[in-house]
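Asks: For reference, the structure I am asking about is given below.
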Amino acid sequence: MEFDRTIIITGGAGFIGSHVVRLFVNKYPEYKIINLDKLTYAGNLANLKDVEGKPNYQFVKADICYYETVKEIISTNNVTGIIHLAAESHVDRSIVDPFTFARTNVMGTLSLLQAAREFWEPQGWAGCRFYHISTDEVYGALELTKPEGDPGAKECGGGPFGDDFFTESTKYQPHSPYSAAKASSDHFVRAYHDTYGMPTLVTNCSNNYGPFQFPEKLIPLFINNIRHRRPLPVYGKGENVRDWLYVVDHARAIDLIFHEGKIGETYNIGGFNEWKNIDLIKVLIKTTDRLLGRPEGSDDDLITFVTDRKGHDMRYAIDSTKLKEELGWEPSLQFEEGIEKTVKWYLENQDWLDNVTSGDYMKYYEQMYK
Ligand code: NAD
Ligand code: DAU
Numbered sequence: 012m013e014f015d016r017t018i019i020i021t022g023g024a025g026f027i028g029s030h031v032v033r034l035f036v037n038k039y040p041e042y043k044i045i046n047l048d049k050l051t052y053a054g055n056l057a058n059l060k061d062v063e064g065k066p067n068y069q070f071v072k073a074d075i076c077y078y079e080t081v082k083e084i085i086s087t088n089n090v091t092g093i094i095h096l097a098a099e100s101h102v103d104r105s106i107v108d109p110f111t112f113a114r115t116n117v118m119g120t121l122s123l124l125q126a127a128r129e130f131w132e133p134q135g136w137a138g139c140r141f142y143h144i145s146t147d148e149v150y151g152a153l154e155l156t157k158p159e160g161d162p163g164a165k166e167c168g169g170g171p172f173g174d175d176f177f178t179e180s181t182k183y184q185p186h187s188p189y190s191a192a193k194a195s196s197d198h199f200v201r202a203y204h205d206t207y208g209m210p211t212l213v214t215n216c217s218n219n220y221g222p223f224q225f226p227e228k229l230i231p232l233f234i235n236n237i238r239h240r241r242p243l244p245v246y247g248k249g250e251n252v253r254d255w256l257y258v259v260d261h262a263r264a265i266d267l268i269f270h271e272g273k274i275g276e277t278y279n280i281g282g283f284n285e286w287k288n289i290d291l292i293k294v295l296i297k298t299t300d301r302l303l304g305r306p307e308g309s310d311d312d313l314i315t316f317v318t319d320r321k322g323h324d325m326r327y328a329i330d331s332t333k334l335k336e337e338l339g340w341e342p343s344l345q346f347e348e349g350i351e352k353t354v355k356w357y358l359e360n361q362d363w364l365d366n367v368t369s370g371d372y373m374k375y376y377e378q379m380y381k
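To get my numbering, take the position in the sequence shown, counting from 1, and add 11.
Now the structure itself:
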């Protein structure tokens, strides 16, 4: 079958990557989409069951750190676009094992850049794009200047917990090994643009939530624990603030920026949706209780305050005005609607959660790809 172009999406078996793969495979039958993924503990092909038989989809099990392998995949498939999501993504793991984060996030990104450069540069970069997906955590942390929260602040152009936001020109100040490794990879991508003229794009997004997120992250972990009436380990006093975006809206932004973003630019992605952890957790408990037919809030007693995360960033808040003004992107879902859909999805997909938490899916893939 002839395709107009071939694109690699790295990390396509992970949480956000699987939504990006699904969107591209369905929306662009004229593109061949290669999902290049190592299938670490976070990669799960069950996330993509609905697209696995499509003629324009191919899965390739590979490690982005193996430069020769990646180069071979790019050249034999005449790849002209790379959307790079593969990474180690969990802050708590990075505190315990920083080396793995440096290997994948820094060296893996460098290996991908160099492999693409060696194939694309001799062709004058014609029609090529390297799009690197990054995080708001590279900007460091904002202060909690309004600890009680001010719901009216938005009307005055501020955030409910502080008036400042991360913009595209905020200086990098990563604190965790995860964000330090992501920051380093962002710098390498920009260096390839500035030094070799590689056509690159970088986006920095806020916290994502939605279906298929590995249940070590706050939202799926807590929904699962509420269902099973297990303790909910809230770090510190639960006062940290995160800015939440529904994952499908992130995937929509990636599609738009890949096709219409200005080469060499950075765009922030976020929904102006800040929540203090403890308030978000109470919404999760209420929603989960209601959907399970329990009295709303009856599981509040599961909340257990535990020792804080080391170096825990206090507040993230993304200003995505540039993306709205230049490319017209806005989130499509209100938070209440997104949370309702998300809780429902995890409750209706308990098999997916059980597989992931039992590690059974890893045994299956080890057999399949050994
Ligand atoms: P995830 O942990 O769910 O998925 C990561 C995927 O990368 C997995 O499928 C894994 O198998 C794959 N992978 C890991 N190491 C690899 C390697 N060496 N070679 C090939 N594949 C490898 O991550 P996610 O939450 O979907 O995040 C995806 C990207 O988006 C990451 O780059 C992350 O930094 C960024 N991001 C995430 C969020 C968020 O809230 N989750 C927000 C902003 C940015
Ligand atoms: O901001 C974008 C980032 O969001 C991404 O780059 C990361 O890949 C992604 O993991 C996420 O990082 P966070 O550390 O913000 O997400 P996490 O779900 O781990 O935690 C959200 C908040 O909840 C954070 O303040 C820590 C707190 N927390 C988390 C867990 C897992 C708890 O209080 N208890 C927990 O058990």
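Note that CB positions come from ideal geometry on N, CA and C, so glycine has one too.
Between which two residues does the beta strand (DSSP E) holding ASN215 run?
Replies: Here residue 215 refers to the residue found at position 204 when the sequence shown is read from its first residue. Segment 211-216, the beta strand (DSSP E) holding ASN215.
Asks: Need the endpoints of the alpha helix (DSSP H) that ILE350 sits in, please.
Replies: Taking the first residue of the sequence shown as 1, we reach residue 350 at position 339. Note, ILE350: alpha helix (DSSP H), 346-359.
Asks: How close, in whole Å, do the beta carbons of HIS383 and THR120 come, if the pair is a contact with beta carbons under 8 Å?
Replies: A question about residue 383 goes unanswered here, because the residues of the chain that appear run from 12 up to 381.
Asks: Rounded to the nearest angstrom, what separates CYS76 and MET118 at their Cα positions?
Replies: Working through the sequence shown from its first residue, we reach residue 76 at position 65. Working through the sequence shown from its first residue, we reach residue 118 at position 107. Answer to the nearest angstrom: the Cα atoms are 6 Å apart.
Asks: Only counting runs of 3 or more residues, tell me where the beta strand (DSSP E) segments fall wholly within the region 94-157, in order along the chain.
Replies: Entirely contained in the region 94-157, the beta strand (DSSP E) runs reaching 3 residues are, in chain order, 140-146.
Asks: Hey, how far is the Cα of PRO222 from the Cα of ARG238?
Replies: Sequence index remark: in the sequence shown, residue 222 carries index 211 (1-based). Sequence index remark: in the sequence shown, residue 238 carries index 227 (1-based). Cα to Cα, PRO222 sits roughly 16 Å from ARG238.
Asks: Any heavy atom of ligand 2 inside 7 Å of the beta-carbon of HIS186?
Replies: By one-based count along the sequence shown, residue 186 stands at place 175. Because no heavy atom of ligand 2 lies under 7 Å away, the Cβ of HIS186 does not count as near it: no.
Asks: List the endpoints of the continuous beta strand (DSSP E) containing ASP48.
Replies: For the purposes of this step, residue 48 is identified with residue 37 of the sequence shown, where counting begins at 1. Run containing ASP48: 42-48, per the beta strand (DSSP E) assignment.
Asks: Out of curiosity, what's the CA-to-CA distance linking THR80 and ASP175?
Replies: Numbered from its first residue, the sequence shown carries residue 80 at position 69. Numbered from its first residue, the sequence shown carries residue 175 at position 164. Near 44 Å, if we compare the C-alpha coordinates of ASP175 and THR80.
Asks: On the premise that ARG140 lies in contact with LEU212, defined as a C-beta separation below 8 Å, what is that separation, rounded to the nearest angstrom?
Replies: For the purposes of this step, residue 212 is taken as the residue at position 201 of the sequence shown. For the purposes of this step, residue 140 is taken as the residue at position 129 of the sequence shown. Contact flag correct, Cβ pair sits at about 7 Å.
Asks: In whole angstroms, give me the CA-to-CA distance for HIS204 and ILE18.
Replies: On the sequence shown, residue 204 is found 193 positions in, with the first residue counted as 1. On the sequence shown, residue 18 is found 7 positions in, with the first residue counted as 1. Their backbone Cα atoms lie some 19 Å apart in a straight line.
Asks: For SER187 versus ASN116, is the C-beta distance shorter than 8 Å?
Replies: As a working note, residue 187 is residue 176 in the sequence shown. As a working note, residue 116 is residue 105 in the sequence shown. Cβ atoms of SER187 and ASN116: not closer than 8 Å.
Asks: Just reading off the beta strand (DSSP E) that PHE70 is part of, what are its end residues?
Replies: Numbered from 1 along the sequence shown, position 59 holds the residue referred to as residue 70. Where PHE70 is concerned, the enclosing beta strand (DSSP E) stretches over 68-72.
Asks: If you draw a straight line from the C-alpha of VAL31 to the C-alpha of ASP266, how long is it?
Replies: Position 20 of the sequence shown holds residue 31. Position 255 of the sequence shown holds residue 266. Their backbone Cα atoms lie some 8 Å apart in a straight line.
Asks: Given a cut-off of 8 Å, decide if ARG320 and TRP286 are closer than it, judged by their beta-carbon atoms.
Replies: Numbered from 1 along the sequence shown, position 275 holds the residue referred to as residue 286. Numbered from 1 along the sequence shown, position 309 holds the residue referred to as residue 320. Their beta carbons are not under 8 Å apart, which means TRP286 does not touch ARG320 by this criterion.
Asks: What do you get for MET209, buried or exposed, if any count of 16 or more other CB atoms within 10 angstroms of its CB means buried?
Replies: Taking the sequence shown and counting its residues from 1, one reaches residue 209 at position 198. Buried, by the Cβ-count rule.
Asks: Suppose the cutoff is 7 Å on Cβ atoms and the five residues either side in sequence are ignored; what does the same chain contact list for VAL317 look like?
Replies: Taking the first residue of the sequence shown as position 1, residue 317 is located at position 306. PRO244, VAL245, TYR246.
Asks: Looking only at its own chain, which residues have a Cβ that is under 6 Å from the Cβ of GLY349, when we skip the five neighbours before and after it?
Replies: Locating residue 349 in the sequence shown gives position 338, where the first residue counts as 1. Excluding positions up to five away in sequence, the list reads TYR257.
Asks: According to DSSP, is ASN279 helix, strand or coil?
Replies: As a position in the sequence shown, residue 279 is number 268, starting the count at 1. In the structure shown, ASN279 sits in a strand (DSSP, three-state: E or B).
Asks: Would you tell me roughly how many angstroms separate the C-alpha atoms of ASP365 and PRO158, rounded to the nearest one?
Replies: Taking the sequence shown and counting its residues from 1, the one referred to as residue 365 is at position 354. Taking the sequence shown and counting its residues from 1, the one referred to as residue 158 is at position 147. So the two alpha carbons sit approximately 37 Å from each other.
Asks: If we ignore side chains and look at the alpha-carbon of each, how far apart do ASN215 and LYS297 end up?
Replies: Position 204 of the sequence shown, counting from 1, holds the residue named residue 215. Position 286 of the sequence shown, counting from 1, holds the residue named residue 297. Whole-angstrom Cα-Cα distance: 31 Å.
Asks: Over what stretch of residues does the alpha helix (DSSP H) that includes TYR203 continue unbroken?
Replies: For the purposes of this step, residue 203 is taken as the residue at position 192 of the sequence shown. Segment 188-207, the alpha helix (DSSP H) holding TYR203.
Asks: Could you give the residue range of the beta strand (DSSP E) that holds ILE20?
Replies: Translated into positions along the sequence shown, residue 20 becomes position 9. Per DSSP, ILE20 belongs to the beta strand (DSSP E) from 16-21.
Asks: Could you tell me the distance, in whole angstroms, from the CA atom of VAL149 to the CA atom of GLU351?
Replies: To locate residue 149, count along the sequence shown from 1; it is residue 138. To locate residue 351, count along the sequence shown from 1; it is residue 340. Straight-line Cα distance between these residues: approximately 30 Å.
Asks: Hey, how far is the Cα of LYS273 from the Cα of PRO242?
Replies: Position 262 of the sequence shown holds residue 273. Position 231 of the sequence shown holds residue 242. Going from the Cα of LYS273 to the Cα of PRO242 covers about 46 Å.
Asks: Cβ of VAL211 versus every heavy atom of ligand 1: is any distance shorter than 7 Å?
Replies: Residue 211 sits at position 200 when you count from the first residue of the sequence shown. Strictly speaking, residue 211 in this sequence is Thr, with Val absent from that position. Not so, every heavy atom of ligand 1 lies at least 7 Å from the Cβ.
Asks: Looking at ASN37 and ILE20, is the spacing between their C-beta atoms short of 8 Å?
Replies: Translated into the one-based positions of the sequence shown, residue 20 becomes position 9. Translated into the one-based positions of the sequence shown, residue 37 becomes position 26. No, the Cβ-Cβ distance between ILE20 and ASN37 is not below 8 Å.
Asks: Mapping DSSP to helix, strand and coil, what is PHE316?
Replies: Here the question's residue 316 lines up with position 305 in the sequence shown. In this structure, PHE316 counts as strand in the three-state DSSP scheme.
Asks: Between which two residues does the beta strand (DSSP E) harbouring ARG253 extend?
Replies: Stepping through the sequence shown from its first residue, residue 253 is reached at position 242. Residues 252-257.
Asks: Does the beta carbon of GLU63 fall short of 7 Å from some heavy atom of ligand 1?
Replies: Counted from its first residue, the sequence shown places residue 63 at position 52. Outside the cutoff, so no.
Asks: Any residue with its C-beta under 6 Å from a non-hydrogen atom of ligand 2 counts. Can you list them all in chain order?
Replies: Any residue whose Cβ sits closer than 6 Å to a heavy atom of ligand 2 makes the list: SER100, HIS101, VAL102, THR146, ASP147, GLU148, SER217, ASN218, LYS228, LEU229, LEU232, PRO244, VAL245, TYR246, ASN251, ARG253, ASN288, ARG320, TYR327.
Asks: If you draw a straight line from the alpha carbon of THR332 to that of ASP371, how long is it in whole angstroms?
Replies: Taking the first residue of the sequence shown as 1, we reach residue 332 at position 321. Taking the first residue of the sequence shown as 1, we reach residue 371 at position 360. The straight-line gap from Cα to Cα measures roughly 43 Å.
Asks: Name the two residues that bound the continuous alpha helix (DSSP H) containing PRO231.
Replies: Residue numbering aside, residue 231 sits at position 220 when the sequence shown is read from its first letter. Unbroken alpha helix (DSSP H) run through PRO231: 229-238.
Asks: Hey, out of TRP340, LYS49, LYS374, THR51, whose CA is closest to ILE268's CA?
Replies: For the purposes of this step, residue 268 is taken as residue 257 along the sequence shown, with counting starting at 1. The residue with the shortest Cα to Cα distance from ILE268 is TRP340.
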